[in-house]
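Structure first, then comments.
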Amino acid sequence: MKPLPLSGQATAVAGMSNQTGRMVLRVRTVADGRGDIGTHDIALVRNMDDAASARASGFQAACLVGGGADLGNIFPQHIKLPGQFAYLGDGDIIGLQPHSRKLRVLYRRGSSHNAFLVTERCNHYCLMCSQPPRDIDDGWILDEIADALPLIDPTTRTIGFTGGEPLLEWRRFVALLDATRMLLPDTSVHVLTNGRGFASAEVVSAWAAVGHPQLCAGIPLYSSVSDIHDYVVQARDAFDETVLGILRMKDKAQRVEIRVVLHKITAPRLVETCTWIARNLPFVDHVALMGLENTGFALANQDALWIDPIDYKQDLATGVSILDSVGLAVSVYNLPLCLLDREIWRFAVQSISDWKNAYLPICDGCAVRSSCAGFFSTGRMRESVGLQAVADHYSMVSGST
Amino acid sequence: MVRFLPEAHFASSGAGDLQLLPLRFERLDDHRYLVANLVGDILLMSAAELDRITSLAVVPGDGLYERAVSKQLIARKNQTSQLQLLGLRLRSRMAFLRNATPLHIFVVTLRCEHSCPYCQVSRRSTDRDRYDMSEETAMRGVDVALAAPMQSIKIEFQGGEPLLNFELVKKIVVEAEQRSAAIGKVVSFVITTNLALLTDGVLEFCREHAVLISTSLDGPADLHNKNRPRPGGNSHTLATTGIRRVQEILGDDRVGALMTTTEASLDRVEEIVDEYISLNLDGIFLRPLSPYGFAIKTKQFGKYDASRWLTFYERGLRYILDINRQGRYFPEFYASLLLKRMLTDRPIGYVDLRSPAGIGLGALVYNYDGKVFASDEGRMLAEMGDRAFELGDLASDDYRSLILSEKLVGLVSASLTQCAPQCSSCAYEPHCGADPVYHHATQLDPVGIKPLSEFCARHKGIFRLLFELLEGSPEDAAILRRWAAA
Ligand code: SF4
Ligand code: SF4
Chain A
2 MKPLPLSGQA TAVAGMSNQT GRMVLRVRTV ADGRGDIGTH DIALVRNMDD AASARASGFQ
62 AACLVGGGAD LGNIFPQHIK LPGQFAYLGD GDIIGLQPHS RKLRVLYRRG SSHNAFLVTE
122 RCNHYCLMCS QPPRDIDDGW ILDEIADALP LIDPTTRTIG FTGGEPLLEW RRFVALLDAT
182 RMLLPDTSVH VLTNGRGFAS AEVVSAWAAV GHPQLCAGIP LYSSVSDIHD YVVQARDAFD
242 ETVLGILRMK DKAQRVEIRV VLHKITAPRL VETCTWIARN LPFVDHVALM GLENTGFALA
302 NQDALWIDPI DYKQDLATGV SILDSVGLAV SVYNLPLCLL DREIWRFAVQ SISDWKNAYL
362 PICDGCAVRS SCAGFFSTGR MRESVGLQAV ADHYSMVSGS T
Chain B
169 MVRFLPEAHF ASSGAGDLQL LPLRFERLDD HRYLVANLVG DILLMSAAEL DRITSLAVVP
229 GDGLYERAVS KQLIARKNQT SQLQLLGLRL RSRMAFLRNA TPLHIFVVTL RCEHSCPYCQ
289 VSRRSTDRDR YDMSEETAMR GVDVALAAPM QSIKIEFQGG EPLLNFELVK KIVVEAEQRS
349 AAIGKVVSFV ITTNLALLTD GVLEFCREHA VLISTSLDGP ADLHNKNRPR PGGNSHTLAT
409 TGIRRVQEIL GDDRVGALMT TTEASLDRVE EIVDEYISLN LDGIFLRPLS PYGFAIKTKQ
469 FGKYDASRWL TFYERGLRYI LDINRQGRYF PEFYASLLLK RMLTDRPIGY VDLRSPAGIG
529 LGALVYNYDG KVFASDEGRM LAEMGDRAFE LGDLASDDYR SLILSEKLVG LVSASLTQCA
589 PQCSSCAYEP HCGADPVYHH ATQLDPVGIK PLSEFCARHK GIFRLLFELL EGSPEDAAIL
649 RRWAAA
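Residue numbers (the working numbering), protein chains in the order written: chain A, 2 to 402; chain B, 169 to 654.
Here is the structure:
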């Protein structure tokens, strides 16, 4: 089980540079014979024949994946990528630092799980963070995303912004959302934020002023007990600010999703947490109850965090039904069907991003594999004792979101 | 290696760091208390636990601290989110106050061909001129109804038997429709009738004007006919045939029935429910007798007390839950109303159970003779000579003068559960309501001494029963939650 590599290093970069020391490129297949080649477009070629026809159709630069051909004569401007990037396809976008040859795949047109990391900085330090924060000056990332946005296929159904905490630089981030609304008005936009910034009326007004019809803030809330939430996110007063933020957002009719990650600290309190949400925040737009991704800090804190999902199976079913009974939209993310009570299968979503989603050998003979969330291929997987291929399709309904 | 801070670093440091939020409690027995937060979320606790909460002798990790924080009984001192949430929820629960006087009841005649001993309005069998509402009075009633600030109002026709004056019903409907359309308001209609005089013409009119039908059905034939005597002793046949005809011609959802519990009903609740089921009605409202009208004169009221009624109610509710468990959705409407209050913060301004009371603010009653009452029960009292709830007369008053009358303002403000003795400290207060008419009728005081009040005893009993079902019986709780969500 290995995730798809989304970052790496080019084996060669020739003739490509600019003042900023970074560039955003969109790879295009050649066959289409297109007339819409822009300055950021780079031909995706497999061999010299491809390169020749790319040149003929007007490309100024090319990208060769996993081959040794010498492009230099046809394309003085080119990059070569190792074979692990063979999955790149038409319309995909990469960010490249020419001098270091480092690259990151920013957007894959064929994927429904495109998420842009906005910053690595964060004012939380969650015990199970899968993207451990770093206190670095990474403001350039926002520039890179701004460059990438115009290159995204406007028919893309959904994109995400994540961090770190996107609202730390909220003015610049809201400007990015503004650009997103103009460029991608039909794309739903999901932002993962700890929501504390929304405790400020100014931030919420700016956010609401974006006016994107499908903009949603996904905000984590780990317990109805503030001490426990604050402990999990390692920040005092986080609960208070996050809840005030949610209230301000709903007061301005902004879409809010609450995300509860389940581990040894939160799962045993799940019924209490769901009851509290159902009673106090029934007006949020969605609640996601999420299995733990065993990577990043979650590995470092395994002893404090690991719980076999089979041990909270009943509480999860109860929690879902409590939320559902007040009309809240609920989903269960990141958990395989065989670990869920069948009563809540209809709430289970294949949520794990395609590039890090995997199944086990046991899944081969399973009747519900095609609708099962499966596993994270990142980090170190811990197998539940409850895994078991399902023999029939009994009451299977596919995910709701 | 990354460093994480221990749980204790984020935990409250104890009493000095905590504040007690508004809470109310109710003793269940020697050891157990129901403890409710400001908006009526209820928690079961031992006496010792309640003591610890009120003295803030709780610490993170002891379990009680977490329960109390989650139920918003206590909060960290520097926290504002819990207070904001409670404030927001209270505002939502009280939002029914934005909609003044949604219901307008027209007593189009006092005549009736039934002679029910528990009837709450004195019936007169003849003398059309004297006991029918005049067209002129009716039109003034329409004026007042349409002057209510609400965008959509409901007009209910009552009697006596309103079908005895159906010509006037038709005139009011047509007039209200035309005039409401002109000012952009919406009016819906319901006729409360015993169905004995139902004709094709009535049904045709109801279909054309989307008029709902509400009727009385007390149970199986012998019980119903005993409760509701009429010449021929065929009230039950007329009612059930009528219900079926309305269902057939107007649709299943266009007719509802109300039952009244007499002493004879007390050990027959299953049969009563079965009768409703067999008629394909969409639920039942298990109602106690009220202390008004003929129910007093004929000594029907007072034949059973709150505890006998509660036994009847609980037996009925459990039977209804059984039916639901077998897969048929069939709510008990009163439970479902109270559950909406207990399990959600939706504004439920049910006219007979709210505070500020629904008299006038929830409904106005236009009597056949033009007198205006603050509630239907209020006009029944007037029939017995007690005019405490008479607000004015259509001949001289308008909406403002009725609603702002000193009498109404006085009665409503005197009876607020939020500050009435007993109620203000009652755990169920957020879900209960003021009933100044009942307490005036039984104790000659709009507030009433609640420990002596059967209204209070009944409600405490139902709240407790519902709480116990929600906590103790997951299967029933799931059904009750579905009723609340409907
Ligand atoms: S065995 Fe089936 S249900 Fe379990 S993880 Fe594999 S595919 Fe999913
Ligand atoms: S009437 Fe009784 S049950 Fe209702 S609020 Fe008052 S004291 Fe409580």
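Quick reminder that beta carbons are idealized off the backbone N, C-alpha and C, glycines included.
In this text the structure is predicted, and so the values were computed from the model without any measurement.
Listed by chain order, chain A residues near residue i by CB distance under 9 Å
| i | result |
| --- | --- |
| S238 (chain B) | S224, S225, V226, R270, E273, T274, T276, W277 |
| F498 (chain B) | Within chain A, no residue comes near F498 (chain B); the closest Cβ sits about 18 Å away, beyond 9 Å. |
| P228 (chain B) | V226, D228, I229 |
Cβ neighbours of residue i in the same chain (closer than 6 Å, five flanking residues each side left out)
| i | result |
| --- | --- |
| Y126 (chain A) | Q235 |
| V437 (chain B) | F480, R483, G484 |
| G140 (chain A) | none |
| L251 (chain B) | none |
| D209 (chain B) | K239 |
Alpha-carbon spacing of residue i relative to residue j, whole angstroms
| i | j | result |
| --- | --- | --- |
| G246 (chain A) | G196 (chain A) | 6 Å |
| G111 (chain A) | A646 (chain B) | 42 Å |
| H272 (chain B) | G546 (chain B) | 14 Å |
| A289 (chain A) | D241 (chain A) | 20 Å |
| F635 (chain B) | E443 (chain B) | 28 Å |
| M17 (chain A) | D42 (chain A) | 13 Å |
| C373 (chain A) | R182 (chain A) | 33 Å |
| H79 (chain A) | H177 (chain B) | 54 Å |
| R261 (chain B) | K618 (chain B) | 23 Å |
| L406 (chain B) | T361 (chain B) | 11 Å |
| I417 (chain B) | L371 (chain B) | 7 Å |
Rounded Cβ spacing between residue i and residue j (contact assumed at less than 8 Å)
| i | j | result |
| --- | --- | --- |
| D304 (chain A) | A268 (chain A) | Actually they are not in contact, since the Cβ atoms of D304 (chain A) and A268 (chain A) sit about 15 Å apart, beyond 8 Å. |
| V605 (chain B) | L549 (chain B) | 7 Å |
| L5 (chain A) | L97 (chain A) | Their Cβ separation, rounded to whole angstroms, is 18 Å, which puts L5 (chain A) and L97 (chain A) out of contact at 8 Å. |
| V580 (chain B) | I527 (chain B) | 7 Å |
| D386 (chain B) | T428 (chain B) | 6 Å |
| F199 (chain A) | V119 (chain A) | So it is not a contact: roughly 16 Å between Cβ atoms. |
Under the three-state DSSP convention, the category residue i falls into
| i | result |
| --- | --- |
| K508 (chain B) | helix |
| R260 (chain A) | strand |
| H230 (chain A) | helix |
| N492 (chain B) | helix |
| P524 (chain B) | coil |
| G9 (chain A) | strand |
| Y534 (chain B) | strand |
| S641 (chain B) | coil |
| T585 (chain B) | coil |
| R200 (chain B) | strand |
| T163 (chain A) | strand |
| F348 (chain A) | helix |
| S225 (chain A) | coil |
| F274 (chain B) | strand |
| D377 (chain A) | A small correction: the amino acid at residue 377 (chain A) is Phe; Asp does not occupy that position in the sequence shown. Three-state DSSP puts F377 (chain A) in a strand. |
| T305 (chain B) | helix |
| I142 (chain A) | helix |
Closer than 7 Å at the beta carbon, the chain B residues around residue i
| i | result |
| --- | --- |
| V327 (chain A) | T512, A653 |
| Q235 (chain A) | F172, L173 |
| N295 (chain A) | Ordered by position in chain B, no residue passes the 7 Å Cβ test against N295 (chain A), which lies about 16 Å from the chain. |
| L245 (chain A) | T248, S249, Q252 |
Own chain residues within Cβ distance below 7 Å of residue i, not counting five before or after
| i | result |
| --- | --- |
| E567 (chain B) | Note that residue 567 (chain B) is Tyr in the sequence shown here, rather than Glu. These residues qualify, in order along the chain: V312, A315, A316. |
| F498 (chain B) | I445, G451, I488, I491, N492 |
Same chain only: Cβ atoms within 8 Å of residue i, ignoring 5 sequence neighbours per side
| i | result |
| --- | --- |
| L186 (chain B) | S180, L224, V226, I242, A243, R244, K245 |
| D312 (chain A) | A268 |
| L253 (chain B) | Q240 |
| S326 (chain A) | A279 |
| I345 (chain A) | L317, A318, V321, S322, V333 |
| G666 (chain B) | Outside the shown range of chain B, which is 169 to 654, sits residue 666 (chain B), and nothing can be said about it. |
Within chain D, the residues that residue i reaches when beta carbons sit closer than 7 Å
| i | result |
| --- | --- |
| Y232 (chain A) | Although the question refers to chain D, the structure presented lacks it and instead comprises the protein chains A and B. |
Partner residues on chain B for residue i, Cβ-Cβ distance less than 9 Å
| i | result |
| --- | --- |
| A241 (chain A) | Reading off the sequence shown, one finds Asp at residue 241 (chain A), where the question assumed Ala. Here the neighbours are R244, N246, Q247, T248, S249, Q250. |
| N124 (chain A) | Within 9 Å Cβ-Cβ: nothing; N124 (chain A) doesn't reach chain B, min ~14 Å. |
Chain B contact residues for residue i, given Cβ-Cβ distances below 8 Å
| i | result |
| --- | --- |
| N302 (chain A) | F172 |
7 Å Cβ cut-off: residues of chain A touching residue i
| i | result |
| --- | --- |
| D209 (chain B) | R280 |
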